[in-house]
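Heads up: the sequence shown is residues 1 to 334, going by full-length UniProt numbering. Here the structure comes first, spelled out in C-alpha coordinates, and everything after it is commentary.
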Amino acid sequence: MIETKVLALVAGVSTLLFLAHSAIAAPGPSSAWDATQPRWEWLPNYGPFTNGDRGRYLNLSSGVDIWYTSFGQIESAKTPVLILHGGTGNSNQMYSQANYLAKTRRVILQDTRGQGRSPYTGFSNFHYDDFTRDAIALLDHLNISQVAVLGWSDGAITGLDLAMNYSSRIERVFAHGANIQGNQSIPGLNDPIINSDTGSLDSNIESHGTTYSTKGNFTTRATGSDPYTCQNLSPLPSRCDAMNQAVQRMWVSEPTWGPEALATIKCPVWSVDGDHDVGVQRNQADTIAAWIPFAGQLILPQVSHFALLQDPTFFNFALGYFLDMAYDGQLPYY
(Lines of atoms letter the chains of each structure in order from A and count residues from 1; the text may use other names and numbers.)
(Lines give C-alpha, C1' and ligand atoms only; values in the text may rest on other atoms or scores of the structure.)
Protein backbone atom coordinates (compact mmCIF):
# COMPACT_ATOMS: atom_id res chain seq x y z
CA MET A 1 0.00 0.00 0.00
CA ILE A 2 2.85 2.74 -1.10
CA GLU A 3 2.83 1.31 1.44
CA THR A 4 1.77 1.88 -1.29
CA LYS A 5 -0.19 -1.04 -1.21
CA VAL A 6 -1.80 1.43 -3.05
CA LEU A 7 -0.06 0.03 -6.05
CA ALA A 8 -1.98 -3.10 -6.54
CA LEU A 9 -2.88 -4.58 -3.25
CA VAL A 10 -4.93 -7.21 -4.96
CA ALA A 11 -5.65 -7.85 -8.60
CA GLY A 12 -9.20 -6.54 -8.34
CA VAL A 13 -8.09 -3.03 -7.39
CA SER A 14 -4.76 -2.89 -9.18
CA THR A 15 -5.62 -0.01 -11.50
CA LEU A 16 -6.79 2.29 -8.73
CA LEU A 17 -3.85 1.43 -6.57
CA PHE A 18 -1.36 2.11 -9.34
CA LEU A 19 -2.91 5.56 -9.71
CA ALA A 20 -2.51 6.19 -6.01
CA HIS A 21 1.11 5.07 -6.06
CA SER A 22 1.87 7.34 -8.98
CA ALA A 23 0.38 10.26 -7.11
CA ILE A 24 2.29 9.63 -3.91
CA ALA A 25 5.51 9.44 -5.88
CA ALA A 26 4.83 12.77 -7.54
CA PRO A 27 7.46 15.43 -6.89
CA GLY A 28 7.35 17.80 -4.01
CA PRO A 29 6.48 17.50 -0.32
CA SER A 30 3.04 18.96 0.36
CA SER A 31 2.77 21.42 3.21
CA ALA A 32 -0.91 21.88 3.96
CA TRP A 33 -4.25 20.46 2.95
CA ASP A 34 -6.40 22.68 0.75
CA ALA A 35 -10.00 22.50 1.95
CA THR A 36 -11.29 22.85 -1.61
CA GLN A 37 -10.31 19.20 -2.10
CA PRO A 38 -11.64 16.17 -0.21
CA ARG A 39 -9.00 15.27 2.34
CA TRP A 40 -9.16 11.59 1.38
CA GLU A 41 -8.05 12.45 -2.16
CA TRP A 42 -4.98 14.39 -1.00
CA LEU A 43 -1.65 12.60 -0.97
CA PRO A 44 1.06 14.56 0.83
CA ASN A 45 4.57 13.30 0.38
CA TYR A 46 6.94 12.21 3.11
CA GLY A 47 9.16 14.37 5.29
CA PRO A 48 12.39 14.33 7.31
CA PHE A 49 13.03 13.03 10.80
CA THR A 50 14.12 15.39 13.54
CA ASN A 51 17.44 13.53 13.71
CA GLY A 52 18.28 14.64 10.18
CA ASP A 53 17.47 11.20 8.69
CA ARG A 54 20.66 9.80 10.14
CA GLY A 55 20.81 6.02 10.17
CA ARG A 56 23.04 3.02 9.62
CA TYR A 57 22.99 -0.49 8.23
CA LEU A 58 22.58 -3.82 9.97
CA ASN A 59 23.96 -6.79 8.07
CA LEU A 60 21.76 -9.77 8.91
CA SER A 61 23.04 -13.31 9.09
CA SER A 62 21.06 -14.02 5.91
CA GLY A 63 23.25 -11.52 4.08
CA VAL A 64 20.46 -8.95 3.77
CA ASP A 65 21.28 -5.35 4.69
CA ILE A 66 18.68 -3.37 6.62
CA TRP A 67 18.82 0.41 7.02
CA TYR A 68 17.56 1.64 10.38
CA THR A 69 17.46 4.68 12.60
CA SER A 70 16.68 5.21 16.27
CA PHE A 71 16.19 8.51 18.08
CA GLY A 72 14.08 10.28 20.69
CA GLN A 73 14.12 9.99 24.46
CA ILE A 74 16.38 6.95 24.79
CA GLU A 75 16.17 6.87 28.60
CA SER A 76 12.40 7.31 28.76
CA ALA A 77 10.45 4.96 31.01
CA LYS A 78 7.87 4.67 28.22
CA THR A 79 8.03 1.57 26.05
CA PRO A 80 10.02 2.17 22.85
CA VAL A 81 8.00 2.13 19.63
CA LEU A 82 8.98 0.17 16.54
CA ILE A 83 7.55 2.00 13.52
CA LEU A 84 7.02 -0.05 10.35
CA HIS A 85 6.27 1.58 7.02
CA GLY A 86 4.14 0.48 4.09
CA GLY A 87 5.02 -1.74 1.16
CA THR A 88 7.40 -0.40 -1.53
CA GLY A 89 7.91 2.70 0.61
CA ASN A 90 10.38 3.80 3.27
CA SER A 91 10.47 4.93 6.88
CA ASN A 92 9.94 8.60 6.01
CA GLN A 93 6.32 7.77 5.27
CA MET A 94 6.02 7.73 9.04
CA TYR A 95 7.98 10.91 9.76
CA SER A 96 5.12 12.75 11.45
CA GLN A 97 4.45 9.89 13.86
CA ALA A 98 8.14 9.29 14.53
CA ASN A 99 8.84 12.94 15.30
CA TYR A 100 5.76 13.17 17.52
CA LEU A 101 6.58 10.06 19.55
CA ALA A 102 10.29 10.92 19.79
CA LYS A 103 9.41 13.84 22.07
CA THR A 104 8.53 11.43 24.88
CA ARG A 105 10.06 8.03 24.08
CA ARG A 106 12.51 6.14 21.90
CA VAL A 107 11.50 5.32 18.35
CA ILE A 108 13.04 2.72 16.04
CA LEU A 109 12.43 2.65 12.31
CA GLN A 110 13.74 0.38 9.59
CA ASP A 111 13.48 0.46 5.84
CA THR A 112 11.97 -2.95 5.10
CA ARG A 113 14.32 -5.34 3.32
CA GLY A 114 14.74 -4.42 -0.34
CA GLN A 115 12.84 -1.14 0.07
CA GLY A 116 13.83 2.46 0.61
CA ARG A 117 17.48 2.60 1.67
CA SER A 118 17.65 -1.18 2.16
CA PRO A 119 19.00 -2.60 -1.12
CA TYR A 120 17.02 -5.23 -3.00
CA THR A 121 19.78 -7.81 -3.20
CA GLY A 122 20.63 -11.13 -1.56
CA PHE A 123 17.08 -12.48 -1.93
CA SER A 124 14.30 -12.60 -4.53
CA ASN A 125 10.90 -13.06 -2.93
CA PHE A 126 9.20 -10.97 -0.25
CA HIS A 127 7.43 -12.58 2.71
CA TYR A 128 5.87 -11.08 5.83
CA ASP A 129 7.53 -13.71 7.99
CA ASP A 130 10.92 -12.48 6.74
CA PHE A 131 9.97 -8.90 7.64
CA THR A 132 9.06 -10.14 11.10
CA ARG A 133 12.35 -11.96 11.63
CA ASP A 134 14.25 -8.91 10.38
CA ALA A 135 12.50 -6.73 12.97
CA ILE A 136 13.40 -9.11 15.79
CA ALA A 137 17.02 -9.22 14.59
CA LEU A 138 17.12 -5.42 14.75
CA LEU A 139 15.67 -5.35 18.26
CA ASP A 140 18.23 -7.95 19.33
CA HIS A 141 21.00 -5.86 17.80
CA LEU A 142 19.80 -2.82 19.76
CA ASN A 143 19.32 -4.85 22.97
CA ILE A 144 15.65 -3.87 23.19
CA SER A 145 13.60 -6.50 24.96
CA GLN A 146 10.10 -5.22 24.23
CA VAL A 147 8.44 -2.65 22.02
CA ALA A 148 5.07 -1.29 21.08
CA VAL A 149 4.45 -1.37 17.33
CA LEU A 150 3.01 1.24 15.03
CA GLY A 151 2.51 -0.30 11.60
CA TRP A 152 0.99 1.01 8.41
CA SER A 153 -0.32 -1.35 5.73
CA ASP A 154 2.47 -3.89 5.14
CA GLY A 155 3.98 -2.59 8.37
CA ALA A 156 0.70 -3.22 10.19
CA ILE A 157 0.60 -6.76 8.83
CA THR A 158 4.16 -7.26 10.08
CA GLY A 159 3.12 -5.87 13.46
CA LEU A 160 0.37 -8.48 13.73
CA ASP A 161 2.83 -11.17 12.63
CA LEU A 162 5.18 -10.06 15.41
CA ALA A 163 2.40 -10.23 17.99
CA MET A 164 1.50 -13.75 16.87
CA ASN A 165 5.00 -15.18 16.83
CA TYR A 166 7.02 -13.10 19.32
CA SER A 167 4.44 -12.30 21.96
CA SER A 168 6.97 -11.62 24.73
CA ARG A 169 8.63 -8.92 22.62
CA ILE A 170 5.48 -6.99 21.66
CA GLU A 171 3.60 -4.90 24.22
CA ARG A 172 0.82 -3.61 21.91
CA VAL A 173 0.10 -2.97 18.21
CA PHE A 174 -1.49 0.03 16.49
CA ALA A 175 -2.31 -1.55 13.12
CA HIS A 176 -3.36 0.94 10.46
CA GLY A 177 -4.56 -0.34 7.09
CA ALA A 178 -3.80 -4.05 7.54
CA ASN A 179 -5.40 -6.96 5.71
CA ILE A 180 -5.36 -10.58 6.85
CA GLN A 181 -5.93 -12.23 3.47
CA GLY A 182 -3.99 -11.36 0.35
CA ASN A 183 -7.14 -11.55 -1.75
CA GLN A 184 -9.29 -10.05 1.02
CA SER A 185 -11.77 -12.91 0.64
CA ILE A 186 -12.02 -13.65 4.35
CA PRO A 187 -14.42 -13.18 6.03
CA GLY A 188 -16.33 -12.41 2.83
CA LEU A 189 -19.98 -13.31 3.30
CA ASN A 190 -19.30 -14.36 6.90
CA ASP A 191 -18.11 -10.96 8.05
CA PRO A 192 -18.48 -11.16 11.86
CA ILE A 193 -19.59 -7.54 12.10
CA ILE A 194 -21.19 -6.55 8.81
CA ASN A 195 -22.66 -9.81 7.49
CA SER A 196 -23.88 -8.22 4.26
CA ASP A 197 -24.24 -9.71 0.80
CA THR A 198 -20.84 -8.39 -0.20
CA GLY A 199 -18.99 -8.67 3.11
CA SER A 200 -18.11 -4.96 3.11
CA LEU A 201 -20.92 -2.85 4.57
CA ASP A 202 -23.77 -3.02 2.05
CA SER A 203 -21.28 -2.17 -0.64
CA ASN A 204 -17.89 -3.32 -1.81
CA ILE A 205 -14.55 -1.97 -2.88
CA GLU A 206 -16.14 0.12 -5.63
CA SER A 207 -17.93 2.26 -3.07
CA HIS A 208 -15.15 2.00 -0.51
CA GLY A 209 -17.44 0.95 2.34
CA THR A 210 -18.59 4.53 2.84
CA THR A 211 -21.58 6.70 2.06
CA TYR A 212 -19.37 9.03 0.05
CA SER A 213 -18.13 8.91 -3.50
CA THR A 214 -14.40 8.50 -3.84
CA LYS A 215 -13.15 8.61 -7.40
CA GLY A 216 -9.48 8.01 -6.78
CA ASN A 217 -8.44 11.38 -8.16
CA PHE A 218 -5.44 11.60 -5.85
CA THR A 219 -3.30 14.71 -6.15
CA THR A 220 -0.49 16.44 -4.33
CA ARG A 221 -0.26 20.11 -3.55
CA ALA A 222 3.36 21.06 -4.13
CA THR A 223 6.07 21.13 -6.74
CA GLY A 224 9.75 20.42 -6.60
CA SER A 225 11.86 17.31 -6.21
CA ASP A 226 10.91 14.46 -3.89
CA PRO A 227 13.93 13.02 -2.06
CA TYR A 228 11.97 10.09 -0.62
CA THR A 229 11.63 7.82 -3.62
CA CYS A 230 13.25 4.44 -4.09
CA GLN A 231 15.34 5.86 -6.91
CA ASN A 232 16.67 8.63 -4.67
CA LEU A 233 17.23 6.52 -1.55
CA SER A 234 18.23 3.04 -2.65
CA PRO A 235 21.89 2.06 -2.99
CA LEU A 236 20.66 0.07 -6.03
CA PRO A 237 18.16 2.36 -7.77
CA SER A 238 18.18 0.21 -10.89
CA ARG A 239 16.47 -2.49 -8.82
CA CYS A 240 13.48 -0.37 -7.78
CA ASP A 241 11.15 -1.56 -10.55
CA ALA A 242 12.01 -5.19 -9.82
CA MET A 243 11.34 -4.56 -6.14
CA ASN A 244 7.92 -3.09 -6.86
CA GLN A 245 6.98 -6.09 -8.97
CA ALA A 246 8.17 -8.58 -6.35
CA VAL A 247 6.22 -6.87 -3.56
CA GLN A 248 3.09 -6.94 -5.72
CA ARG A 249 3.53 -10.68 -6.20
CA MET A 250 3.58 -11.09 -2.42
CA TRP A 251 0.36 -9.10 -2.09
CA VAL A 252 -1.50 -11.58 -4.27
CA SER A 253 -0.84 -14.52 -1.96
CA GLU A 254 -0.03 -13.14 1.51
CA PRO A 255 -1.04 -13.00 4.28
CA THR A 256 -3.33 -16.02 4.76
CA TRP A 257 -4.55 -15.72 8.35
CA GLY A 258 -7.76 -17.06 9.81
CA PRO A 259 -9.38 -16.77 13.25
CA GLU A 260 -7.06 -19.31 14.87
CA ALA A 261 -4.00 -17.27 14.00
CA LEU A 262 -5.41 -13.95 15.19
CA ALA A 263 -6.71 -15.53 18.39
CA THR A 264 -3.11 -16.16 19.47
CA ILE A 265 -2.56 -12.40 19.84
CA LYS A 266 -2.98 -11.47 23.50
CA CYS A 267 -1.62 -7.93 23.63
CA PRO A 268 -3.74 -4.80 23.10
CA VAL A 269 -4.43 -4.13 19.41
CA TRP A 270 -6.29 -1.36 17.67
CA SER A 271 -7.44 -2.18 14.16
CA VAL A 272 -7.36 1.20 12.43
CA ASP A 273 -8.45 2.33 8.99
CA GLY A 274 -9.66 5.37 7.10
CA ASP A 275 -13.33 5.57 6.18
CA HIS A 276 -12.35 6.17 2.55
CA ASP A 277 -9.71 3.46 2.19
CA VAL A 278 -9.87 2.15 -1.38
CA GLY A 279 -7.01 -0.31 -0.97
CA VAL A 280 -8.22 -2.41 1.96
CA GLN A 281 -11.84 -3.45 2.28
CA ARG A 282 -13.60 -2.57 5.51
CA ASN A 283 -14.21 -6.22 6.30
CA GLN A 284 -10.49 -6.67 6.93
CA ALA A 285 -10.40 -4.05 9.70
CA ASP A 286 -13.63 -5.44 11.12
CA THR A 287 -12.30 -8.97 11.26
CA ILE A 288 -8.99 -8.03 12.85
CA ALA A 289 -10.94 -6.34 15.64
CA ALA A 290 -13.37 -9.24 15.97
CA TRP A 291 -10.88 -12.11 15.93
CA ILE A 292 -8.17 -10.70 18.21
CA PRO A 293 -9.11 -10.97 21.90
CA PHE A 294 -9.89 -7.57 23.45
CA ALA A 295 -8.94 -5.71 20.26
CA GLY A 296 -10.49 -2.35 19.51
CA GLN A 297 -11.38 -0.76 16.21
CA LEU A 298 -10.91 2.83 15.08
CA ILE A 299 -12.28 4.18 11.79
CA LEU A 300 -10.69 7.53 11.05
CA PRO A 301 -12.98 10.15 9.47
CA GLN A 302 -12.63 11.59 5.96
CA VAL A 303 -9.28 9.99 5.18
CA SER A 304 -8.06 7.11 3.06
CA HIS A 305 -5.37 4.45 3.30
CA PHE A 306 -2.99 7.40 3.74
CA ALA A 307 -4.65 8.66 6.92
CA LEU A 308 -1.38 9.10 8.81
CA LEU A 309 -0.26 11.59 6.14
CA GLN A 310 -3.62 13.22 5.40
CA ASP A 311 -4.61 14.00 9.00
CA PRO A 312 -1.55 13.51 11.22
CA THR A 313 -2.97 15.66 14.03
CA PHE A 314 -5.89 13.35 14.74
CA PHE A 315 -3.91 10.23 13.86
CA ASN A 316 -1.13 11.12 16.30
CA PHE A 317 -3.63 11.99 19.03
CA ALA A 318 -5.26 8.56 18.71
CA LEU A 319 -1.86 6.88 18.55
CA GLY A 320 -0.66 8.61 21.71
CA TYR A 321 -3.85 7.73 23.55
CA PHE A 322 -3.49 4.07 22.58
CA LEU A 323 0.16 3.88 23.57
CA ASP A 324 -0.45 5.47 26.97
CA MET A 325 -3.52 3.50 27.99
CA ALA A 326 -3.12 1.23 31.03
CA TYR A 327 -2.78 -2.51 30.53
CA ASP A 328 -2.57 -5.05 33.34
CA GLY A 329 -1.39 -7.99 31.24
CA GLN A 330 -4.89 -9.19 30.54
CA LEU A 331 -7.12 -6.27 29.71
CA PRO A 332 -6.53 -2.73 28.41
CA TYR A 333 -8.05 0.10 30.42
CA TYR A 334 -9.10 3.26 28.65
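By construction, the Cβ of each residue, glycine as well, lies at the ideal position given by its N, Cα and C atoms. Since the model is a prediction, treat every value here as computed from it, not as a measurement.
Cβ atoms of residue 157 and residue 118 stay farther apart than 8 Å, at about 17 Å.
In the DSSP assignment, residue 141 falls within the unbroken alpha helix (DSSP H) covering 128-141. Within the same chain, Cβ atoms closer than 6 Å to the Cβ of residue 91 are found at 85, 109, 111, the five residues on either side in sequence being excluded.
Segment contact: the region 284-302 against the region 139-148, fewer than three CB-CB distances shorter than 8 Å; contact not assigned. Annotation for residue 110: the continuous beta strand (DSSP E) segment containing it runs 106-111. In the three-state reduction of the DSSP assignment, residue 75 falls in the coil class, being assigned neither a helical nor a strand state. Secondary structure note for residue 260: its alpha helix (DSSP H) is the uninterrupted segment 259-263. In the three-state scheme derived from DSSP, where H, G and I count as helix and E and B as strand, residue 157 is classed as helix. By the Cβ criterion, the region 163-174 is in contact with the region 263-280, since at least three pairs of Cβ atoms, one from each stretch, lie closer than 8 Å. Our two residues, residue 276 and residue 97, have alpha carbons roughly 21 Å apart in a direct line. Pairing residue 174 with residue 326, the inter-Cα distance amounts to about 15 Å. In this chain, residue 290 is not harboured by any beta strand (DSSP E); it is covered by the alpha helix (DSSP H) spanning 282-291. For residue 235, the number of other beta carbons within 10 angstroms of its own is below 16, and it is reported as exposed. Residue 100 is not bridged by DSSP to any residue. Between residue 121 and residue 114, the alpha-carbon positions lie close to 7 Å from each other.
Here the C-alpha atom of residue 250 lies approximately 12 Å from the C-alpha atom of residue 130. In the DSSP assignment, residue 324 falls within the alpha helix (DSSP H) that extends over 312-324. For residue 271, the enclosing beta strand (DSSP E) begins and ends at 269-274.
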